[in-house]
Amino acid sequence: MRQQFGNPEVTRVRKCGSLRNEKFGNVDAKSSQFNRSFFSSPKWYSSVKKIHFLKEFTTTVVSCESVKLDTVINGKKEKIDGYEVILEDTILFPEGGGQPCDHGYLNDLPVKFVARKEDKALHYVEKPLATGSAVKQIVNWQRRFDHMQQHSGQHLISATLDTEFQFPTVSWWLGEDVSYIELDTPSFTGEQIKKVEEIVNELIRQGKSVKARSRGLPADHKGDIRIIDIEGVDNNMCCGTHVTNLSQLQVIKLLHTEKSKRKDKILLYFLVGNRVINRLNTCIEREQKLTALLKYVEMVHQNTLIWWISFRKNVRNLTKNLQTVLKDLAILEVGRLKGIDSPPKYFFLHKKEAEPDFMNVFIKELGRTDIFLFLSTGDEKATGNIVLYGEEKAILDLGNKICEILEGKGAGKGNKFQAKVTKNGEPQKAEDCIINYFN
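Residue numbers (this note's numbering): 41 to 479.
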């Protein structure tokens, strides 16, 4: 029988998403091996506070072997020479259970990555450390505490979802800026999100304790398994780092949902603790910039944006209509040119508001190459587009010259030369060049 959430006399037993395919009495061996490597000293094993809040620790180097390290340099994945270090004890968390690894230092060497291999934690650094030497571990505390907040927050959210709505957690992902929980449900309403958020934040205000303990397993399994116990709320097998009291989470904000790639699953995005503060600071800064830009108080930003979207749509429609009119104008201009009794050797035309299609319509309607065309569009004070059209020899002789005069970049083929130019407002030299060529 399912109990009401928050009853201090009833504690749920739940499995972490990363262990969801295992029975409680037959846990993945890797998780227990990690328990031995991360909590290798028995006196620390059952205490979250002693191990998770340690920022520095001195231990001994067991081995140091040369390896190739995977790293990212200028956005590209590369392999560099490095070393794989195994320590007698470690306070640096290796990647696993949905949680990224810790960062930190071994003496003054930055730890690039911490991995788990069987019952060992592997620390990757760029320089060697002598086997048997003492080494001081220093945890990147900002990263560690952030991961503790997100991971403990995930446990609390998952427990609430399971109890209130019977939505099991399938998996979860801890990202750099935002995290998500994958839920075994095809839908999740806004009202449900609001209710879960209210419950988890009330439990944070109550300051429920968070403890780690170990339990034995059958004789054919090596090692113990570690359980994270949120007072009166949840028992969950987990190898990750956690806070010692829900009050250390500060606050939880559920953001939004989206469909998972897997059928009938939902992703619920969330922030915990300092990430909520950081997101709020970003929103406030954005709001202040919008206020300064729009010259309105904060409360009317939404109305201003709605007006702007409508205005932009109208502008797009007007622009589309303008281009249609300009194409009609191109046809009229061609008719005027065709109406001249003695066709000129060359013809110049500039339309500030037109787009390149205007010039293409003009050329198509004219349908002849014996009149050399110099067509241009765009604002005279900005970059613009030009098209030269005529006999192939004239295009070959004049194309690059005109492009150079107007400081542009372009190319020609057959009867046509196109370019984007920077001196759109200085066509006189280009026109003089054409006039001199034909006279």
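Glycine residues also receive a C-beta, built at the ideal position from the N, C-alpha and C atoms.
Nonlocal neighbours in the same chain, by C-beta distance under 8 Å from residue i, ignoring five residues either side
{"i": "Ile435", "result": "Leu428, Tyr429, Gly452, Gly454, Asn455, Lys456 and Phe457"}
{"i": "Glu373", "result": "Leu389 and Phe402"}
{"i": "Ile475", "result": "Tyr386"}
{"i": "Gln177", "result": "Glu96, Phe97, Thr98, Thr99, Leu127, Thr130, Ile131, Leu132, Gly144, Tyr145 and Leu146"}
{"i": "Arg302", "result": "Val210 and Glu222"}
{"i": "Lys392", "result": "Thr417, Gly418, Asp419 and Glu420"}
{"i": "Asp410", "result": "Pro383, Gly430 and Glu431"}
Own chain partners of residue i with C-beta closer than 7 Å, once the 5 adjacent residues on each side are dropped
{"i": "Cys104", "result": "Tyr123, Val125, Pro168, Leu169 and Thr171"}
{"i": "Ile445", "result": "Lys469, Ala470 and Cys473"}
{"i": "Lys463", "result": "Leu446 and Glu447"}
Residue interval of the beta strand (DSSP E) (run including residue i)
{"i": "His163", "result": "Lys160 to Val165"}
{"i": "Pro150", "result": "Leu149 to Val151"}
{"i": "Ile270", "result": "Ile265 to Ile270"}
{"i": "Gln458", "result": "Lys456 to Val461"}
{"i": "Asn425", "result": "Gly424 to Tyr429"}
{"i": "Lys117", "result": "Lys116 to Leu127"}
Within 8 Å, strictly: CB atoms of residue i and residue j
{"i": "His163", "j": "Leu109", "result": "no"}
{"i": "Gln190", "j": "Val312", "result": "yes"}
{"i": "Arg156", "j": "Thr281", "result": "no"}
{"i": "Val179", "j": "Asp142", "result": "yes"}
{"i": "Leu286", "j": "Ile270", "result": "yes"}
{"i": "Glu135", "j": "Val154", "result": "yes"}
{"i": "Asp217", "j": "Pro208", "result": "no"}
{"i": "Phe414", "j": "Phe478", "result": "no"}
{"i": "Glu268", "j": "His187", "result": "It should be pointed out that residue 268 corresponds to Ile in this sequence rather than to Glu. In this structure, His187 does not lie closer than 8 Å to Ile268 by Cβ."}
{"i": "Gly425", "j": "Pro396", "result": "First, the amino acid is wrong: residue 425 is Asn here, not Gly. Yes, they are a contact pair."}
{"i": "Ile233", "j": "Thr200", "result": "no"}
{"i": "Val101", "j": "Ser192", "result": "no"}
{"i": "Phe310", "j": "Leu333", "result": "no"}
Start and end residues, alpha helix (DSSP H) containing residue i
{"i": "Lys195", "result": "The amino acid at residue 195 is misidentified as Lys; the sequence shows His. Run containing His195: Trp181 to Phe205, per the alpha helix (DSSP H) assignment."}
{"i": "Gln328", "result": "Asn314 to Leu334"}
{"i": "Gly448", "result": "Looking at the DSSP string, Gly448 is not in any alpha helix (DSSP H); the run it does join, the beta strand (DSSP E), is Gly448 to Lys453."}
{"i": "Phe398", "result": "Pro396 to Leu406"}
{"i": "Val236", "result": "Gly230 to Gln246"}
{"i": "Lys441", "result": "Glu432 to Ile445"}
{"i": "Glu471", "result": "Gln468 to Phe478"}
Residues near residue i in its chain [Cβ-Cβ closer than 6 Å; skip 5 each side]
{"i": "Leu94", "result": "Ile131"}
{"i": "Leu307", "result": "Tyr220, Glu222, Glu298 and Ser300"}
Pairwise C-alpha distance: residue j and residue i
{"i": "Gly439", "j": "Gly407", "result": "20 Å"}
{"i": "Gly375", "j": "Ala459", "result": "26 Å"}
{"i": "Gly450", "j": "Glu466", "result": "17 Å"}
{"i": "Leu345", "j": "Gln182", "result": "37 Å"}
{"i": "Glu237", "j": "Ser198", "result": "11 Å"}
{"i": "Ile265", "j": "Met277", "result": "7 Å"}
{"i": "Ile349", "j": "Lys329", "result": "19 Å"}
{"i": "Lys305", "j": "Phe228", "result": "10 Å"}
{"i": "Lys63", "j": "Ala161", "result": "Note that Lys63 scores a pLDDT of 29, beneath 50, so its modelled location is shaky; the value from the coordinates is reported in the next line. Spanning the two alpha carbons is a distance of roughly 25 Å."}
{"i": "Ser274", "j": "Arg253", "result": "Here residue 274 is Asp; the residue named in the question, Ser, does not match the sequence. Those two C-alpha atoms are separated by around 13 Å."}
Problem set entry | Touching by the beta-carbon criterion (3+ pairs, under 8 Å), the segment 353 to 364 and the segment 373 to 383 | Flag = no, the segment 353 to 364 and the segment 373 to 383 do not touch.
For this session: Mind the definition here: the segment 237 to 251 touches the segment 212 to 228 only if three or more C-beta pairs lie below 8 Å; say whether that holds.
Result: At 8 Å Cβ cutoff, the stretches do not touch.
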